[in-house]
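A short write-up of the structure that comes next.
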């Protein structure tokens, strides 16, 4: 394993460890003792994500997940149909809300559609990591790729508890980021290089 590859792996592992430690610290903060309203609000919102017993939003979210699972059982292989669920269609064409992008895909497109859908994201992430571990990509490009991949992973994680990509702005940034990852050339340059850019 090359020196650059080992360094990249070390950085990724370190970020994961520090992130986990930071999260544990946040979850144990007593919000009532904080004087800063903005800081208190942010901490409370983060803590509420992991409160599945008394937080009303999470309780209702669990009910929506149970509804989604019941839909999955009706046709687990091919689903009940694209756009059959979703907040924007409630009252017209949608039969309910899943509150989970993962369950939404599973319920609407079945196992076949779920695998195909997430395979696209997996391919984008794999392509990004291939460039990160490549000796032909500059350090600046690798840092940019790591940030972009982190954003995609964050969106996909959120997809498990919220239908994030149903929002047009989220989908726009997700596919724009994916395009940038593919556009970054595997060549050593101080700035990131985009296919088709005039670099003479």
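Residue numbers (the working numbering): 2 to 201. Here a beta-carbon is modelled for each residue, glycine too, at the ideal position from N, C-alpha and C.
Paired residues, beta bridge with residue i - DSSP
| i | result |
| --- | --- |
| residue 95 | 91 |
Pair within 9 Å by beta-carbon distance, residue i and residue j
| i | j | result |
| --- | --- | --- |
| residue 181 | residue 154 | no |
| residue 100 | residue 48 | no |
| residue 66 | residue 104 | yes |
| residue 88 | residue 72 | no |
| residue 175 | residue 156 | yes |
| residue 119 | residue 179 | no |
| residue 162 | residue 50 | yes |
| residue 102 | residue 61 | no |
Three-state secondary structure (DSSP) of residue i
| i | result |
| --- | --- |
| residue 185 | strand |
| residue 66 | helix |
| residue 31 | coil |
| residue 163 | coil |
| residue 139 | coil |
| residue 196 | Reliability fails at residue 196, whose pLDDT of 49 lies under 50, so the model's placement of it is uncertain and the value that follows must be treated cautiously. Looking at residue 196 - three-state DSSP - the assignment turns out to be coil, as it is neither helix nor strand. |
| residue 153 | helix |
Cut-off 8 Å between Cβ atoms - residues of its own chain near residue i, not counting five sequence neighbours on either side
| i | result |
| --- | --- |
| residue 52 | 59 |
| residue 75 | 81 |
Proximal residues to residue i (C-beta, below 7 Å), its chain only, five neighbours per side dropped
| i | result |
| --- | --- |
| residue 191 | Any answer about residue 191 is weak, because its pLDDT of 47 lies below 50 and its placement is not dependable; what the coordinates show is given next. So the list reads 139, 141, once near-sequence residues are dropped. |
| residue 158 | none |
| residue 112 | 77, 78 |
| residue 147 | 133 |
Given 8 Å, three or more beta-carbon pairs between the stretch 168-180 and the stretch 36-47: Touching, no, given that fewer than three Cβ pairs across the two stretches are closer than 8 Å.
Segment contact, 8 Å Cβ cut-off, at least three pairs: the stretch 91-101 with the stretch 117-136: Segments in contact, no.
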